[in-house]
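Asker: Residue numbers (this note's numbering): 2 to 600.
1) So for residue 314, helix, strand or coil by DSSP?
2) Looking only at C-alpha atoms, which of 579, 173, 539 sits nearest to residue 530?
3) Taking 8 Å as the cut-off, decide whether the C-beta atoms of residue 181 and residue 323 are in contact.
4) Put residue 558 into one of helix, strand or coil per three-state DSSP.
5) Are the CB atoms of residue 512 and residue 312 nearer to each other than 8 Å?
6) What do you get for residue 1, buried or exposed, if any count of 16 or more other CB atoms within 10 angstroms of its CB means buried?
7) Could you check whether residue 462 and residue 601 sit closer than 8 Å to each other, using their CB atoms as the reference points?
8) Using 8 Å as the threshold, is the segment 362 to 382 in touch with the segment 411 to 426, meaning 3 or more CB pairs across them?
9) Are the CB atoms of residue 556 and residue 584 nearer to each other than 8 Å?
10) Is residue 46 buried or exposed, if buried means 16 or more other CB atoms sit within 10 Å of its CB?
11) Whose CA, out of 257, 395, 52, lies closest to the CA of residue 341?
12) In whole angstroms, what separates the C-alpha of residue 166 from that of residue 199?
13) Let me check understanding here. Comparing Cα to Cα, which of 107, 398, 48 lies closest to residue 75?
14) Please tell me whether residue 100 has its Cβ less than 8 Å away from any Cβ of chain B.
15) Give me the DSSP bridge partner(s) of residue 484.
16) In three-state terms, what does DSSP make of residue 410?
17) Considering just the uninterrupted stretch of the beta strand (DSSP E) at residue 390, what are its terminal residues?
18) Under 7 Å: does the beta carbon of residue 47 sit that close to some heavy atom of the ligand NAD?
19) What would DSSP say about residue 372, mapped onto helix, strand or coil?
20) On the DSSP bridge list, what partners appear for residue 395?
21) Could you tell me whether the Cβ atoms of residue 455 and residue 286 are closer together than 8 Å?
22) Please report the residue range of the beta strand (DSSP E) in which residue 192 lies.
23) Give me whichever residues DSSP pairs with residue 385 in a beta bridge.
24) Secondary structure at residue 205, three-state DSSP: helix, strand or coil?
25) Taking the alpha carbon of residue 234 as the reference point, which residue from 398, 133, 176, 111 has its own alpha carbon closest?
26) For residue 25, which residues from the same chain have a beta carbon less than 7 Å from its beta carbon, with the 5 sequence-adjacent residues on both sides left out?
27) If you run the structure through DSSP and keep just helix, strand and coil, what is residue 217?
28) Tell me which same chain residues have a C-beta within less than 7 Å of the C-beta of residue 398, skipping the five on either side of it?
29) What do you get for residue 303, buried or exposed, if any count of 16 or more other CB atoms within 10 angstroms of its CB means buried?
30) Quick check on residue 66: buried or exposed, where buried means 16 or more other Cβ atoms within 10 Å of its Cβ?
31) With a threshold of 16 other CB atoms inside 10 Å of the CB of residue 356, please say whether the residue is buried or exposed.
32) With distance defined between alpha-carbon atoms, name the residue in 288, 196, 478, 441 nearest to residue 451.
33) Assuming residue 209 contacts residue 261 under a Cβ cut-off of 8 Å, what Cβ separation, rounded to an integer in Å, is found between them?
34) Return the first residue and the last residue of the beta strand (DSSP E) that residue 131 is part of.
35) Alpha carbon to alpha carbon, what distance is there between residue 236 and residue 221?
36) Anyone know if the C-beta pair for residue 256 and residue 207 falls short of 8 Å?
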């Protein structure tokens, strides 16, 4: 139930819309400042953990324990020890059940000993599994010479006493689940306890709420007849696109939640968070509710077109295989998953964060990826809490779509914003009735300004189409937009095999390109290539973009369509297109997200 701070998923609708599209823009991208470091790797053997305390498999461990890892060589203490940020970042230390950000990791003076200290007692009689450098960690723990520690895991079981043990009541569940995404704004927050609680008249005094534009005074509270459930009803809708954080019995509370016997719920132990759906129309452009989960098996190919010539594969991770299960925002929770390939080999899905489980493989050689993941039947297995295991056979097509190519690319760079514009492309050869074409166009802030198909307009885009008219005044004058055209060959598609989940399999081939109006501007997409935490505590980051160009650095506490971005400074790039920015603001508190905007 602790807050967890934590790669987006190719087939997860919720993450794709809220994260993937916003990064495909002229912004430098949005990232939480995490002290990214670079360095050259020397020839040396990989480090390994030679001992851990509590030892793996031990039981009766104190709920107040620390976890101490000892490696066989000196390690880099410049890389911060941190958990994951859901949807944005996979950390380098994970615990299950989740302990969130409630721990601190410190290296000893020998740089071989790493001590994890928890801010609260662990739960009694609970088996904890730990993992160092989980799959997808973007800041892996490394040796002093830069060799990454292989993924290492172990477990221990706590004994009784302390931290909510003994006769103290416990919180057994919360709804929405911790770290849920796209939670409906009219939802009630419900806490369930392991025993009857005193029905204090104003439980809100024992609950701390946080969230942009959230008014804690708008909550009303109702106890169940047996006192085991507390329902929190918000007057009106919760703010849209907002991170809502709660904590029961915070140390600053004037009253406390306690059992009927007078035993208080442990202070500062139970906390969590969820993300509300964005405000606006209830219409879903693709016909699938944003609160639903997804599951699927996909191969994707990413191309980029920068002239009238044929598009070329993206330089980084152009060809990807992924198997993914992403649970519904209101539960149930995904607890395991695997995919069986046509060859019969089995690959396990791992929990990346919250309710997302996936396995991913990528290659710069398309033939190599196709050889490893050929056409045929793939069997996806996954389990949800209190439900039988799902076993779904999904077909991967044997033939892939052609790479989309914009036929009037030059014309798309000089669009008259006040007139209709017809975008033209090559034919999706061999397309079947169930295959799809999709087009997304984004402004520099990541907002979708045009999409097709779109059931909310409505706007269709037949698989036989080779053009589409973008209406006048869709674009602003003298602006640059980023667009993606995708041809998808579908092998499986279902919205009724699993309640509140949409499933699909197939091959998607995408081409990204720009659309410019007037001069369109000449500022290219900026990138944060390095970041670090200075000795004075300030984040500093390196930006690369257009040479001798001014970029505005903006910061926000949250990510989403309705996030509030504040200009915090400017950076001027040199003649190589590189610039350095330090956030010198006083009083800044993580999480901190940044973007660079060029005009």
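Backbone N, C-alpha and C define an ideal beta-carbon position, used for all residues, glycine too. Since this is a predicted model, take the numbers as computed values, not measurements.
Answerer: Once the coordinates are examined:
1) It is a strand residue.
2) Nearest neighbour of residue 530 by Cα position, chosen from 579, 173, 539, turns out to be 579.
3) No, these two residues do not count as a Cβ contact at 8 Å.
4) The answer is coil: DSSP assigns residue 558 none of H, G, I, E or B.
5) Cβ atoms of residue 512 and residue 312: closer than 8 Å.
6) Residue numbering for the chain in the displayed model covers 2 to 600; residue 1 lies beyond these limits and cannot be assessed.
7) This structure leaves residue 601 out entirely; the chain is present only between 2 and 600.
8) No, the segment 362 to 382 does not touch the segment 411 to 426.
9) The answer is yes: Cβ separation under 8 Å.
10) Around the beta carbon of residue 46, fewer than 16 other beta carbons lie within 10 angstroms, which makes this residue exposed.
11) If we check each option's Cα against that of residue 341, 395 comes out closest.
12) Reliability fails at residue 166, whose pLDDT of 41 lies under 50, so the model's placement of it is uncertain and no value is given.
13) Taking only the C-alpha atoms, the option nearest residue 75 is 48.
14) Within the model displayed, chain B is absent; a lone protein chain is all it includes.
15) Bridge partners of residue 484: 442, 514.
16) Looking at residue 410 - three-state DSSP - the assignment turns out to be helix.
17) Taken as a continuous stretch (DSSP letters only), residue 390 belongs to no beta strand (DSSP E), as it is neither H nor E.
18) This structure lacks the ligand NAD; in fact it carries no ligand of any kind.
19) DSSP places residue 372 in the helix class (H, G or I) of the three-state scheme.
20) In DSSP, residue 395 forms a bridge with 379.
21) It is a contact, given that the beta carbons lie within the stated cut-off.
22) Counting along the chain, the beta strand (DSSP E) containing residue 192 begins and ends at 190 to 194.
23) DSSP lists 335 as partners of residue 385.
24) Here residue 205 sits in helix by DSSP.
25) Of the listed residues, the one whose Cα sits closest to residue 234 is 176.
26) With a pLDDT of only 28 at residue 25, under 50, the local geometry of the prediction cannot be trusted, and the value read off the model is given with reservation. The residues are 443, 483, 485, 513.
27) Look at residue 217 here: in three-state DSSP terms it is helix.
28) Excluding sequence positions up to five before and after residue 398, its CB lies within less than 7 Å of the CB of 376, 490, 492, 507, 508, all in the same chain and listed in chain order.
29) Residue 303 comes out buried.
30) When all chains shown are included, residue 66 counts as buried.
31) Its Cβ being crowded by 16 or more others within 10 Å, residue 356 is buried.
32) Out of 288, 196, 478, 441, 441 has the C-alpha closest to the C-alpha of residue 451.
33) Their Cβ separation, rounded to whole angstroms, is 23 Å, which puts residue 209 and residue 261 out of contact at 8 Å.
34) From DSSP, the beta strand (DSSP E) with residue 131 extends over 128 to 133.
35) The alpha-carbon atoms of residue 221 and residue 236 are separated by roughly 8 Å.
36) Taking 8 Å as the Cβ cut-off, residue 256 and residue 207 qualify as a contacting pair.
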